[in-house]
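Notes follow the structure.
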Amino acid sequence: MTRRSTTNPVRLRRAILAWYEQGHRSLPWRGSRDPYAVLVSEVMLQQTQASRVAVRYPPFMTRFPDLAALASASEADVLAEWSGLGYNRRALALRDAAVAVQASGWPSDLAGLQRLPGVGPYTARAIGSLAFGWRVGVVDTNVRRWLVRRLGLEPGSGAAGGGALQRLADDLANAGHAAPEDGAAWTHASMELGAVICRARLPACDSCPIAAGCPARGSAGRVPVPRQGSFRGSRRAYRGGVMRALAAAPEYALRIDATPAPTPSVLAPEALDGRLEPRLMQEALEGLERDGLAHLDGSLLRLGPRPARGSSGGPRPTIAR
Ligand code: SF4
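Okay, so the sequence shown: first residue is 9 according to my numbering, each after it adds one.
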């Protein structure tokens with residue numbers, strides 16, 4: 009049976025902040041309080057591992073260094089620069105968010121941030137704390153893991169549910185007499201603790217700054233996270249293969265072979281699990297067009313949404329049959 013811990017939140021917070029300040033990983037998005045830079049990194053990190061984002065973030069920021077650059081870029085250019093990060097609709101939403109902020113300025117509260125395209129409750133809290141220093145709890149997978157273990161919560165129970173953990177995280181973010189500028193440091197520190205010390209496998213309890221009184225010390229179990237289905241051979245793999253090929257193609261366009269299914273002539277074969285499943289390819293292409301990520305233009309598949317009717321000569325063929 010799991011033991012509940014009664015820990016002083018002020019001491020917990022102080023210990024984690026002190027540990028973080030002694031040294032932490034250097035990641036390209038850390039250290040910047042520029043809301044635009046935080047928005048880009050947080051949208052990239054939504055569904056992509058930090059190690060991959062660390063590679064893709066610098067060139068994206070070089071190409072689109074500020075809100076104005078991203079807001080005025082074409083969808084195809086943004087999608088091409090996003091290539092390799094996956095979940096490509098995030099790129100279009102990020103550009104739309106840049107357009108919205110460019111027009112109206114940065115929102116002044118969480119509700120306003122959440123109204124930006126592609127910004128949900130978690131990302132709004134991350135931007136609020138990391139860019140604006142708001143003292144709000146940010147619960148990602150890493151934070152959730154150490155909270156559950158350190159506070160002795162039963163995984164799957166109501167106490168370890170999203171709402172309860174969010175309240176705990178908010179309490180910790182506000183514990184003691186935290187200065188406004190502490191919002192960013194606390195969010196970085198609490199995420200870092202779960203990423204490098206209270207790891208999913210083999211937590212480093214002997215190096216943990218909050219080991220004293222931890223009911224899971226030395227015997228931490230797995231904290232389940234929602235699992236995705238296999239990527240290889242999936243519709244998502246087909247979409248990813250097509251998007252990578254489009255991003256690398258001259259003028260972001262690929263010739264389409266009509267049989268056995270409409271198929272771009274050049275594809276990353278590893279994405280297709282060594283074979284072509286016509287139904288999955290058809291569904292992938294239809295989905296890309298529906299999501300505004302690619303469109304058919306005669307015998308060419310082009311990156312980005314179909315141009316608005318009237319902007320290039322009237323109706324065009326669609327991928328769907
Ligand atoms: S003592 Fe171990 S299980 Fe407890 S919070 Fe630290 S790393 Fe996690």
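Beta carbons: idealized from backbone N, C-alpha and C, even for Gly.
| Check | Outcome |
| --- | --- |
| Reduced DSSP secondary structure (H/G/I, E/B, other) of R22 | helix |
| DSSP bridge partner residues for A261 (one or two, in chain order) | R310 |
| Presumed contact (8 Å Cβ cut-off) between L180 and L20, rounded CB distance | 7 Å |
| CB contact flag (L308, A261, <8 Å) | yes |
| R64 versus G92: straight-line alpha-carbon distance, rounded | 8 Å |
| Extent of the continuous alpha helix (DSSP H) run through L138 | 129 to 140 |
| Residue(s) in a DSSP beta bridge with A302 | L311 |
| Alpha carbon of N150 to alpha carbon of Q54, nearest angstrom | 13 Å |
| Cα-Cα separation, S59 to A193 | 21 Å |
| Per-residue burial, A279 [other beta carbons within 10 Å of its own, 16 or more giving buried] | Any reading at A279 must be qualified, since the residue scores a pLDDT of 48, below 50, and its modelled position is unreliable; the value itself is stated next. Buried. |
| Local Cβ density within 10 Å of S80, reported as buried at 16 or more and exposed below that | exposed |
| Exposure of R133, with buried meaning 16 or more beta-carbon neighbours within 10 Å | buried |
| Beta-carbon gap between S198 and I205 smaller than 8 Å | no |
| Classification of R247 by the beta-carbon crowding that lies within 10 angstroms, buried from 16 upward | buried |
| A212 Cβ short of 7 Å to ligand 1 heavy atom set | yes |
| Beta-carbon contacts of A1 that lie in its chain and below 6 Å, excluding the five residues immediately before and after | No information on residue 1 is available, as it lies outside the stretch 9 to 329 that the chain covers here. |
| Cβ distance (whole Å) where N96 is taken to contact M251 below 8 Å | 5 Å |
| Inter-residue spacing [alpha-carbon to alpha-carbon] between A62 and L35 | 7 Å |
| Cutoff 7 Å; reference I24; Cβ partners in own chain excluding five residues on either side | A197, S198, L201, P217, I218 |
| Closer than 7 Å: R157 CB and nearest ligand 1 heavy atom | yes |
| Host alpha helix (DSSP H) of H32 (start-end) | H32 -> no alpha helix (DSSP H), and no H or E assigned at all. |
| Alpha helix (DSSP H) segment containing G387, residue limits | No statement about residue 387 is possible, as the shown extent of the chain runs from 9 to 329 and does not include it. |
| Cut-off 6 Å between Cβ atoms - residues of its own chain near A106, not counting five sequence neighbours on either side | L75, L78, A79 |
| Distance cut-off 7 Å: W27 Cβ against heavy atoms of ligand 1 | no |
| F140 Cβ short of 7 Å to ligand 3 heavy atom set | Questions concerning ligand 3 fall outside what the structure shown contains, since the ligands it does hold are ligand 1. |
| Distance CB(R152)-CB(A228) smaller than 8 Å | no |
| Proximal residues to L118 (C-beta, below 6 Å), its chain only, five neighbours per side dropped | A132, G136 |
| Alpha-carbon spacing of A139 relative to R263, whole angstroms | 43 Å |
| Top-ranked residue by Cα proximity to R22, from D190, P67, L311, Q57 | D190 |
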